[in-house]
Amino acid sequence: CWTQRHRTGNKSKGNPFRSLQTKSKPHLPATRPDLTRVHSPPAMAPPPSDQPDAAAGTGAISKVLIVIAMQTEAMPLVNKFKLVDAPPHESIFPKGAPWVRYHGNYKGLHIDLVWPGKDTALGVDSVGTVSAALVTYASIQTLKPDLIINAGTAGGFKAKGANIGDVFLASDVAFHDRRIPIPVFDMYGIGARKALETPNILKALNLKVGKLSTGDSLDMTPHDETAILNNEATVKDMEGAAVAYVADMFSTPAIFVKAVTDIVDGEKPTAEEFLQNLVAVTAALDQAVTEVMESSASPSKQLLELDACTTFKLEAGIKPTLPDPCTTFKLEAGGIKAKLLPDEPCSSQLKLEVGSIQPKLLDACSQLKPDASTVKVKVEAGTEEALLEPKPEPLEEDAPPPDDWEITPVSGGHPFFTTVFSRSQVQKPFQLAIPTRFHRHLPEARVPAVLLCRGQSWPTSYCGDLKVKKLDAAWRGFAVDNQLRIGDAGVFELVDAETEGDKKTVVFRVQVLRGDLPEELTSKGATSDEPLVIVDS
């Protein structure tokens with residue numbers, strides 16, 4: 001058999017934390033992330049001279065980037081907010097790019113509105129995902145917005161309750177015409193992402209909510225229709241998911257405001273209905289975007305109202321001594337200031353009490369694990385830097401190794417597969433596809449499934465009825481509870497397929513290896529003739 005020493009993970013590059021030397025047993029890393037000080041985000045480029053100073057450290061929105069595809073959609077907003085066109089010699093875009101930027105101030109907000117301009121060869125609006133992604137990337141790099149608003153027109157589905165003139169705020173975005181029928185690549189092609197949650201805007205404005213599906217064609221092929229149905233979309237456009245992809249890459253919050261010009265599942269031809277309603281519907285879009293901007297600018301309707309609570313699991317790491325309940329600590333993450341308020345012990349979770357904007361606190365807190373306690377994080381205006389002082393507890397010489405140092409044989413007649421976890425498996429959208437070669441061991445139906453690991457169990461379902469066989473959304477619970485990270489490896493052993501009536505229950509025993517999967521695993525342990533044994537050596 002092959003023996004592999006359990007590893008504790010890869011060194012991350014570009015870690016925003018300093019290293020803290022710890023005296024520990026040899027099997028622990030020589031360094032731990034230092035939580036003594038959470039660094040502020042990288043300094044942004046200085047704003048243009050006409051831009052008001054941002055309320056540094058307050059977490060408020062001060063710079064908004066509006067991304068629009070067509071001139072007809074853009075000009076009403078340019079006039080509404082009295083934006084001015086930047087002269088050619090002040091262009092922020094590369095020479096030769098036809099992209100256009102308007103800018104100005106509105107009620108304390110600095111607004112940059114960009115659209116991809118006219119195609120240099122044909123003179124029509126540069127619609128579609130390529131132009132949208134390029135102009136969004138260039139704008140984020142130069143303008144450093146606090147918020148992106150992708151506004152535009154879209155087709156709506158009558159079956160989902162859409163009507164001409166309705167304005168939707170997208171809850172989710174995805175592509176419907178990037179078909180890559182290979183496990184995991186298929187999920188990359190779909191590119192499903194959650195849009196920024198904005199409960200305060202929805203509370204204040206009369207907007208509908210629905211999922212947005214993006215493709216590069218105005219019409220819809222049968223393949224597109226199937227993909228759109230799978231995306232559960234209410235509206236379809238030609239830019240949204242591309243903007244979301246770039247915004248997500250640079251951790252920039254984005255919302256999507258779409259006004260319906262045509263009914264995709266209606267009787268009229270799409271192109272005819274689109275042109276017929278474009279001008280009138282653009283007025284509804286103009287009004288909706290104006291209301292969103294008003295909501296962002298109004299002190300009484302700040303996007304950071306504390307009226308929602310989001311929970312994140314914390315990464316296993318240093319066990320700090322929790323401060324006295326009367327003590328508070330400042331935290332800065334994702335440009336948003338927060339206050340830490342320790343709560344009574346209940347679970348290893350971080351509760352983020354924040355309204356429509358979800359700051360990226362995972363990067364700043366991922367190494368903090370307040371041993372079986374809950375930490376409530378409340379957004380608070382302030383200028384102080386984060387000061388956390390965890391006190392590592394040294395291990396006794398006879399302390400046992402961590403639970404995830406398991407000595408578990410993988411042998412006998414149980415088939416198993418292995419995987420090195422990628423981003424899409426351990427972060428949004430949390431999808432675990434089953435390798436094609438393993439399908440023969442599983443039913444071609446949707447059946448209950450159970451994941452066993454470290455003496456605990458996680459109920460889920462195996463989706464054998466889909467083209468891409470995978471575990472359902474409950475996989476997220478397993479990934480979060482076990483603090484799975486990119487580069488960790490997993491061994492999934494099919495230990496049972498219990499029968500309940502006419503349905504089977506698939507049972508996997510899962511082993512997690514901290515760090516990447518050794519190359520030898522591809523040649524050993526693939527069958528019961530070459531069993532794999534994972535031991536601590």
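Using full-length UniProt numbering, read the sequence shown as starting at 1 and increasing by one per residue.
Beta carbons are placed, not taken as given, at the ideal position from N, Cα and C, and that holds for glycine.
Pairing Leu513 with Val289, the inter-Cα distance amounts to about 48 Å. Excluding residues up to 5 positions away in sequence, Trp458 lie with their Cβ nearer than 7 Å to the Cβ of Gly477 in the same chain. When C-beta atoms of the region 195-206 are compared with those of the region 214-228, fewer than three pairs fall below 8 Å, so the two segments do not count as touching. Pairing Thr72 with Leu65, the inter-Cα distance amounts to about 18 Å.
Scanning its chain for C-beta atoms nearer than 8 Å, with the 5 sequence neighbours on each side dropped, one finds around Thr282 the residues Thr72, Glu73, Pro76, Thr153 and Ala259, in chain order. In the DSSP assignment, Arg423 falls within the alpha helix (DSSP H) that extends over Arg423 to Val426. The C-beta of Met249 has fewer than 16 other C-beta atoms within 10 Å across all chains shown, which makes the residue exposed. For Asp237, the enclosing beta strand (DSSP E) covers residues Ala233 to Asp237. When secondary structure is reduced to three states using DSSP, Phe81 falls in the coil class, being assigned neither helix nor strand. Closest option to Ala97, judged by alpha-carbon separation, among Ser139, Lys63 and Val292: Ser139. The alpha helix (DSSP H) runs of length 4 or more contained entirely in the region 433-499 are, from start to end of the chain, 475-481. In the DSSP assignment, the residues bridged to His110 are Lys63 and Asn105. By a beta-carbon distance limit of 8 Å, Leu452 contacts Phe508. Their separation comes to about 7 Å. Assignment of Val264 by DSSP, reduced to helix, strand and coil, places it in the coil class.
With 16 or more other Cβ atoms inside 10 Å of its own Cβ, Ala233 counts as buried.
Burial state of Gly123 is exposed, judged by a 10 Å Cβ sphere holding fewer than 16 other Cβ atoms. Around the beta carbon of Glu493, a 10 Å sphere encloses 16 or more other beta carbons of the protein chains shown; the residue is thus reported as buried. Judged by beta-carbon spacing, Val167 lies within the 8 Å limit of Lys208, meaning their Cβ atoms are closer than that value. The criterion of a C-beta distance shorter than 8 Å is not satisfied by Val243 and Thr142. Looking at the DSSP output, Phe508 sits in a beta bridge with Leu451 and Leu494.
Excluding five sequence positions before and after Asn277, the CB atoms of its chain that fall closer than 6 Å to its own CB belong to Ile164 and Thr261, given in chain order.
Annotation for Lys203: the continuous alpha helix (DSSP H) segment containing it runs Pro199 to Ala204. Contact between Ile61 and Asp146 is confirmed by a C-beta separation of about 5 Å, below the 8 Å threshold. Ala69 sits away from Ala159, with the two beta carbons spaced by 8 Å or more.
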